[in-house]
Each structure stands twice: as C-alpha cells, then as structure tokens.
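To keep things clear, I will list the structure first and then write my remarks on it.
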Amino acid sequence: MSTTSIPSSLLQWWEVQQFLSHEAELLDSRRFDEWLGLFDERARYRMPLARNVRRDRIATEEYTTQDQVAWIDESLPTLRQRVAQLKTGIHWAEEPASRTTHMVANIRVAESLEQDGRPAARVHSRFMLYQNRLQTETNVFVGKRSDLLVRHEDGWRILDREIHLDQNVLQAKALTVFF
C-alpha cells in the first residue's frame with residue numbers, strides 16, 4: 251500500500267504518536283539534553299494548579315489561568331537551567347536519580363493548523379508517570395496534556411505544553427520530573 255492511499259490525518263496522527271513515544275523514551279532514559287531538542291526556542295511549559303470547584307464551574311475554573319499561579323510555568327531557557335541543575339549531581343531531590351516510566355495514551359490530533367507559516371497540530375493526550383526514588387519513595391502522576399506542536403525541517407517540536415494533573419494537592423515531596 252502506498253502512502254498516497256493513507257489519509258493525511260492518519261499519517262499526521264502516526265507521526266505525532268511516534269514523536270510523543272520518543273519523547274517518553276528520552277525522559278525515561280534520562281537523555282534530557284536530547285529531550286530539550288524537541289522544543290521550539292519559543293516554547294512554554296506550564297502546569298496550572300487544579301482547584302476543587304462546583305460542577306457547573308469545572309469548564310472555566312477547574313485550573314488556574316495563564317495569568318495566575320502554577321506549579322510550573324517555564325520557557326525553554328528555564329527548562330535548560332533545570333536540566334543543568336540535575337546534571338550537577340548535587341540536586342538533593344534527584345540524588346540519587348529517580349527511575350521513571352512515562353506512559354502516554356489517548357493521543358488525539360484535535361486540530362491541524364498553521365503557526366508562523368509552518369504546519370502545526372493541537373494534540374491532546376493522557377499520561378501516567380511513575381517515579382521511584384531510593385528504596386520506597388514512589389509517586390504516580392496522572393493527568394492530561396495539551397500540546398501545540400510545530401513542524402520544523404527535522405520533525406515536530408513542542409511550542410506549547412499545558413499539563414493538567416488530576417489532583418489538586420501535590421502528593422510528591424518535590425516536582426523534579428518532567429511531563
């Protein structure tokens with residue numbers, strides 16, 4: 251079967267799925283510098299706070315907005331600083347280093363669009379991140395991600411990532427892992 255008989259939307263979904271699987275592999279193998287290479291230079295990486303709200307307000311008030319406080323609100327330069335800090339070997343919350351497993355599922359290309367003249371895709375997915383440190387310290391993070399991916403000459407890059415944890419109280423001692 252030639253690729254011309256496969257709908258372009260299916261090809262795009264497959265590329266995105268491969269991209270997100272590769273990203274998870276880089277994170278789990280602690281190849282953080284390579285992981286940073288998956289981001290656009292203008293990237294934003296954000297994890298707003300979840301709030302317990304009445305059912306009729308979930309759509310508008312469940313998570314803090316872009317101008318409010320967040321667990322994480324970073325650009326590519328600050329992500330680079332976090333990676334550099336991890337590599338020093340003196341990051342108390344990551345020494346010894348965590349073992350992680352990232353699982354990404356329910357990947358859906360919600361919208362195909364253009365961003366600054368480049369093909370782009372708004373992608374929704376679900377994740378589960380397992381973290382183990384020392385002998386008995388474990389954390390499980392579950393939630394949703396919304397990514398804006400932009401195609402560059404060498405493949406997809408993350409321009410915007412918003413991470414929604416399915417918990418409003420952080421159970422982990424520290425947020426030292428990447429989502």
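According to my numbering, the sequence shown is numbered sequentially starting from 251.
C-beta atoms are modelled at their ideal positions from N, C-alpha and C, and glycine is treated no differently.
* Asked: Could you give the distance in angstroms between the alpha-carbon of valine 419 and the alpha-carbon of alanine 300?
  -> 8 Å
Checklist line | Length of the line joining the Cα atoms of serine 259 and leucine 384 | finding: 44 Å
Who does valine 373 pair with in a DSSP beta bridge?
Val359 and Asp397
message: Tell me which residue opens and which closes the alpha helix (DSSP H) that proline 327 is part of.
response: 326-337
Quiz prompt | Whole-number beta carbon distance between leucine 398 and alanine 360, since they are thought to touch under 8 Å | solution = Their Cβ separation, rounded to whole angstroms, is 10 Å, which puts alanine 360 and leucine 398 out of contact at 8 Å.
Mapping the DSSP letters down to three states, classify aspartate 283 as helix, strand or coil. helix
Given valine 392, which residues of its chain have a CB within under 6 Å of its CB, disregarding the five upstream and five downstream residues? Met378 and Asp416
Exercise for review: Could you work out which residue in Asn356, Arg296 and Glu275 is closest to histidine 374 when comparing CA atoms only?
Suggested key: Asn356
I'd like the list of long-range same chain contacts for serine 396, defined as Cβ closer than 6 Å, with 5 residues on each side in sequence excluded.
His374 and Glu412
What first and last residue would you give for the alpha helix (DSSP H) that runs through histidine 414? Premise fails: histidine 414 lies in the beta strand (DSSP E), 405-415, not in any alpha helix (DSSP H).
Put asparagine 429 into one of helix, strand or coil per three-state DSSP.
The amino acid occupying residue 429 in the given sequence is phenylalanine; asparagine does not appear at that position. Phenylalanine 429: coil per DSSP, three-state reduction.
Taking the beta carbon of asparagine 302 as the centre, do at least 16 other beta carbons fall within 10 Å, making it buried, or is it exposed?
exposed
- Item | Bridge-paired residues (DSSP) for valine 392 | Met378
### Rounded Cβ spacing between alanine 320 and isoleucine 408 (contact assumed at less than 8 Å)
Contact doesn't hold; Cβ gap of about 17 Å is too wide.
request  = Could you tell me if tryptophan 264 is buried or exposed, where buried requires 16 or more neighbouring beta carbons within 10 angstroms of its beta carbon?
outcome  = exposed
| task | Would you identify the three-state DSSP class for glutamate 291, choosing helix, strand or coil? | result | strand
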